[in-house]
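Peer 1: Questions regarding the structure given below will be posed in turn.
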Amino acid sequence: MFSVHAESEHAIRSPFRDSSSLPISMHLAEAEDLSSVIRAMLEDSALELHFDVHPQEFAALLQRADEAIEAAFARREDDALADVHATLFALYELHVAPAGSKRCVNQFNPYLTRLRGAIERRWLASEALHTTRLDANVHSAHDLTDAIRAVSAQHRASKHPLFDFLEKDATRAQLSAFFRSDSALNIRFFDLIVLALLGSDPSVRGELSQNFWDEAGKGDPQRSHVTLFRHLLQTVDIPHADDDHASLLGWQGLAGYNLFMMTGLNRSQGLKSLGVMAVTELLDPTQYEKLTRGCRRLGLGGAGELEYYDEHVSIDVVHAEGWLSNVIVPLATKFPSQMDDIYAGAQWRLNTCAAYYDALYERLLALD
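Pasting the structure below:
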């Protein structure tokens, strides 16, 4: 059993404090960004105890976070948005870390949970400014799904020039950069479906389970979507990265990833997650169809490396209808007062997609 008097003994073994005898407040003063400080803490098995004994150290951390959050969500500073979303990314990864990882010890660290909540609240408030409530003539769950289809079809994310460029003009190097950028979310998607299954209403488990089964390759490990995507990366000579190339993402890409994690991990945001997932399935087929045509234009596809995207061109049409009719309709019927949350999630996904596509398109053009 630990006691506060044991703190000094455990601090000696702490990987965060072994790197220096300076207190955390001094590290904060010297660090260029909040996210690097957080990443250095995650494997510290004595972190909670340290903050228990030295509350002023957590106060300094929270103050630094508040400054970054204000710069990110009030002033929309790019560097601050990148820092805050990198911090959120690191905190979310605690919940999907391998069971043997040293980071697991801090999965439910109350101090890190409080920090995460502070970021999420400001992010939610910021995004709420860019979403609208359902029209007054939306009365039923079927009206809601019609509204989601309409807002998706009309949003600029659904017809972004990025995918016309990939289809007609992108070079092999630009396609490879796209694949790297697509990696983190594609490889995490299996876990996102698992999160959707947790605590799900019995009426929707059939549809969610079908999504899970498809993602898992219908039981064939060689056909799982993660395996198919990794085969593509290997074929185009993209080396393995422990973070699945997440470190290459700008804040827009991190925000898109974090949106799935935030709505998937927080049960209070679970209905927003439905809108996020449904819109994803609506967007992917036509965009991936353009992508695969661009890949074949450059000679890709002969070794089966495009099966990941080819499968999504066809199967996501089915999944989109399934999410709308077999998940959103029954849950919106059961919780009619929360239809606006589902609709907000759909808009949030569209907005983060558009921002991500804008940034990625600009970056790919700069490679030419």
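Under the working numbering, think of the first position of the sequence shown as 279, with each following residue one higher.
For each residue, glycine too, the CB sits at the ideal point set by N, CA and C.
With 16 other CB atoms within 10 Å as the buried threshold, where does T630 fall?
Peer 2: Here residue 630 refers to the residue found at position 352 when the sequence shown is read from its first residue. Buried, because 16 or more other Cβ atoms sit within 10 Å of the Cβ of T630.
Peer 1: Report back the beta-carbon spacing between H518 and Y586 to the nearest angstrom; my notes put them in contact at under 8 Å.
Peer 2: For the purposes of this step, residue 518 is identified with residue 240 of the sequence shown, where counting begins at 1. For the purposes of this step, residue 586 is identified with residue 308 of the sequence shown, where counting begins at 1. Incorrect: roughly 16 Å between the Cβ atoms, too far for contact.
Peer 1: Going by the beta-carbon positions, is the gap between L576 and R458 smaller than 8 Å?
Peer 2: For the purposes of this step, residue 576 is taken as residue 298 along the sequence shown, with counting starting at 1. For the purposes of this step, residue 458 is taken as residue 180 along the sequence shown, with counting starting at 1. Taking 8 Å as the Cβ cut-off, L576 and R458 do not qualify as a contacting pair.
Peer 1: Below 8 Å on the Cβ atoms is my guess for H590 versus P563; work out the distance and round it to an integer in Å.
Peer 2: Within the sequence shown, numbered from 1, the residue matching residue 590 stands at position 312. Within the sequence shown, numbered from 1, the residue matching residue 563 stands at position 285. Rounded, the Cβ-Cβ distance is 7 Å, consistent with contact.
Peer 1: In whole angstroms, what separates the C-alpha of L638 from that of L440?
Peer 2: To locate residue 638, count along the sequence shown from 1; it is residue 360. To locate residue 440, count along the sequence shown from 1; it is residue 162. C-alpha separation (whole angstroms): 8 Å.
Peer 1: Output the boundary residues of the alpha helix (DSSP H) element that contains K380.
Peer 2: Mapped onto the sequence shown, residue 380 falls at position 102. Neither: K380 is in no alpha helix (DSSP H) and is coded neither H nor E.
Peer 1: So L549 and Q616 are in contact, right, with Cβ under 8 Å, and what is the actual spacing, rounded?
Peer 2: Within the sequence shown, numbered from 1, the residue matching residue 549 stands at position 271. Within the sequence shown, numbered from 1, the residue matching residue 616 stands at position 338. At roughly 5 Å, the Cβ-Cβ gap stays under 8 Å, so L549 and Q616 are in contact.
Peer 1: If distances are taken between C-alpha atoms only, which option among E355, S323, Q334, F336 comes closest to S379?
Peer 2: As a working note, residue 379 is residue 101 in the sequence shown. Nearest of E355, S323, Q334, F336 to S379, Cα basis: S323.
Peer 1: Near L532, which residues of its chain fall below 8 Å by C-beta distance, leaving aside the five closest residues on each side in sequence?
Peer 2: One-based indexing of the sequence shown puts residue 532 at position 254. Here the set comprises A360, H363, A364, L366, F367, A524.
Peer 1: In this structure, how does DSSP classify I397 when only helix, strand and coil are distinguished?
Peer 2: Within the sequence shown, the letter at position 119 stands for residue 397. Helix at I397.
Peer 1: Pick helix, strand or coil for S299, following the three-state DSSP scheme.
Peer 2: For this step, residue 299 is matched to residue 21 along the sequence shown. For S299, the predicted model reports a pLDDT of 43, less than 50, meaning its position is unreliable and no value from the coordinates is stated.
Peer 1: State buried or exposed for E485, treating a residue as buried only when at least 16 other CB atoms are found within 10 Å of its CB.
Peer 2: In the sequence shown, counting from the first residue as 1, residue 485 sits at position 207. Answer is buried; the Cβ neighbour count reaches 16.
Peer 1: So within the region 312-348, which uninterrupted alpha helix (DSSP H) runs reach at least 4 residues, ignoring any that extend past its ends?
Peer 2: Listed in chain order, they are 312-319, 325-331, 333-347.
Peer 1: Is it true that the CB of A419 sits closer than 8 Å to the CB of V607?
Peer 2: Against the sequence shown, residue 607 aligns to sequence position 329. Against the sequence shown, residue 419 aligns to sequence position 141. Yes; because the gap between Cβ atoms is below 8 Å, this pair is in contact.
Peer 1: Can you tell me whether N415 is buried or exposed? The criterion is at least 16 other CB atoms within 10 Å of its CB, across all chains shown.
Peer 2: The sequence position of residue 415 within the sequence shown is 137, counting from 1. N415 is exposed by the Cβ-count criterion.
Peer 1: Jot down the residue ranges of each uninterrupted beta strand (DSSP E) in the region 463-532, minimum 3 residues, whole runs only, in chain order.
Peer 2: Qualifying beta strand (DSSP E) stretches: none in this window.
Peer 1: With a cut-off of 8 Å on the beta carbons, I'd call F456 and E493 a contact; round off their distance for me.
Peer 2: As a working mapping, residue 456 is identified with position 178 in the sequence shown. As a working mapping, residue 493 is identified with position 215 in the sequence shown. About 21 Å separates the two Cβ atoms, so there is no contact after all.
Peer 1: Comparing C-alpha positions only, which one of L510, S313, E640 sits nearest to E583?
Peer 2: By 1-based counting over the sequence shown, the position of residue 583 is 305. For E583, the nearest C-alpha among the options comes from L510.
Peer 1: Three-state secondary structure (DSSP) at S418?
Peer 2: Here residue 418 refers to the residue found at position 140 of the sequence shown. Coil.
Peer 1: Sorted by chain position, which residues of the same chain lie with C-beta nearer than 8 Å to E398's C-beta, five sequence neighbours on each side aside?
Peer 2: If you number the sequence shown from 1, residue 398 lands on position 120. So the qualifying residues of the chain are L366, M540, N544.
Peer 1: Starting from the C-beta of Y370, find all residues in its chain whose C-beta is less than 7 Å away, skip the five residues before and the five after it, and write them out in chain order.
Peer 2: Start at 1 with the first residue of the sequence shown, and residue 370 comes out as number 92. N536, M539, L543, listed in sequence order.
Peer 1: Please work out which residues of its chain come closer than 6 Å, Cβ to Cβ, to R400, disregarding the five sequence neighbours upstream and downstream, and give them in chain order.
Peer 2: For this step, residue 400 is matched to residue 122 along the sequence shown. Once the five neighbours on either side are set aside, the close Cβ partners of R400 are I347, F351.
Peer 1: Inspect the beta-carbon positions of L602 and S436 and report whether they are closer than 8 Å.
Peer 2: Along the sequence shown, read from residue 1 onward, the residue named residue 602 stands at position 324. Along the sequence shown, read from residue 1 onward, the residue named residue 436 stands at position 158. Contact flag unset, no.
Peer 1: DSSP on R575, reduced to helix/strand/coil?
Peer 2: Locating residue 575 in the sequence shown gives position 297, where the first residue counts as 1. Reduced to three states, the DSSP call for R575 is helix.
Peer 1: So, with DSSP's three-state summary, where would you put R354?
Peer 2: Working through the sequence shown from its first residue, we reach residue 354 at position 76. It is coil, neither helix nor strand.
Peer 1: From A633, Y635, L402, N464, pick the residue whose C-alpha is nearest to that of T505; which is it?
Peer 2: Residue 505 sits at position 227 when you count from the first residue of the sequence shown. With distances taken between Cα atoms, T505 lies closest to N464.
Peer 1: Who are the near neighbours of T558 in its chain, counting only those whose CB is closer than 7 Å to its CB and skipping five residues on each side?
Peer 2: Translated into the one-based positions of the sequence shown, residue 558 becomes position 280. Cβ neighbours of T558 beyond the five flanking positions: R627.
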